[in-house]
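Participant: Read in this note's numbering, the sequence shown has 70 at position 54, and its numbers run on one by one without any break.
From the three backbone atoms N, C-alpha and C, an ideal C-beta is built for every residue, glycine too.
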Amino acid sequence: MGSLKSELEFENLLEDVGDFGKYQKRLIIFFLIPSAALLPWFTMNILFLVFTPDHWCNVPEVASSNLSLEVQKSIIAPHERLSCYRYDLNYTEFLMRGDLHVKNETPIIPCDSGWQYDTTHFVETAASK
Numbered sequence: 017m018g019s020l021k022s023e024l025e026f027e028n029l030l031e032d033v034g035d036f037g038k039y040q041k042r043l044i045i046f047f048l049i050p051s052a053a054l055l056p057w058f059t060m061n062i063l064f065l066v067f068t069p070d071h072w073c074n075v076p077e078v079a080s081s082n083l084s085l086e087v088q089k090s091i092i093a094p095h096e097r098l099s100c101y102r103y104d105l106n107y108t109e110f111l112m113r114g115d116l117h118v119k120n121e122t123p124i125i126p127c128d129s130g131w132q133y134d135t136t137h138f139v140e141t142a143a144s145k
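In structure tokens, the structure reads:
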């Protein structure tokens with residue numbers, strides 16, 4: 017019975033004070049609306065900090081060619097997992113030849129001219145800087 021009495025007292029108090037007045041409207045205007053506008057920036061920021069886009073070695077001769085990205089990656093990167101290595105080829109001669117098939121026994125070397133990044137999802141991330 018005690019809780020029913022306290023509920024009635026609380027209801028009477030709300031009737032006297034008002035349940036949604038100027039104070040509650042001010043709370044919404046000054047706190048809820050600005051936080052709803054700013055909070056997504058802070059929560060989505062993590063995507064830009066931790067996302068590492070697909071990358072492969074930058075080979076200027078291939079990057080300036082008129083080849084699609086898929087073909088460029090296939091003649092530069094030995095495998096998907098070896099994105100920090102490239103085939104040891106003279107790419108100027110390779111492209112002039114026109115045969116875009118790399119032999120399996122072609123030696124690989126570490127990247128020496130930086131990397132190219134996949135910009136499908138983001139133009140730039142912290143990892144690509």
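Under a Cβ-count criterion, where at least 16 other Cβ atoms within 10 Å of its own Cβ denotes burial, should residue 40 be classed as buried or exposed?
Facilitator: Exposed is the call here.
Participant: Is residue 102 helix, strand or coil by DSSP?
Facilitator: Correct three-state label for residue 102: strand.
Participant: Can you name the start and end residues of the beta strand (DSSP E) that residue 123 belongs to?
Facilitator: Note, residue 123: premise wrong, no beta strand (DSSP E); not H, not E.
Participant: I need the straight-line Cα distance from residue 48 to residue 69, nearest angstrom please.
Facilitator: Going from the Cα of residue 48 to the Cα of residue 69 covers about 35 angstroms.
Participant: Give the C-beta separation of residue 142 and residue 63 to the nearest angstrom, bearing in mind that I take them to be a contact with Cβ-Cβ under 8 angstroms.
Facilitator: About 10 angstroms; that fails the 8 angstroms criterion.
Participant: Going by C-alpha to C-alpha distance, which of 114, 88, 132 and 31 sits closest to residue 74?
Facilitator: The shortest C-alpha separation from residue 74 is found at 132.
Participant: Name the two residues that bound the continuous beta strand (DSSP E) containing residue 117.
Facilitator: Premise fails: residue 117 is in no beta strand (DSSP E) and is neither H nor E.
Participant: Counting beta carbon pairs with one atom in the segment 29-43 and one in the segment 99-110, are three or more of them shorter than 8 angstroms?
Facilitator: Output reads no: the segment 29-43 does not touch the segment 99-110.
Participant: Quick check on residue 111: buried or exposed, where buried means 16 or more other Cβ atoms within 10 Å of its Cβ?
Facilitator: When all chains shown are included, residue 111 counts as buried.
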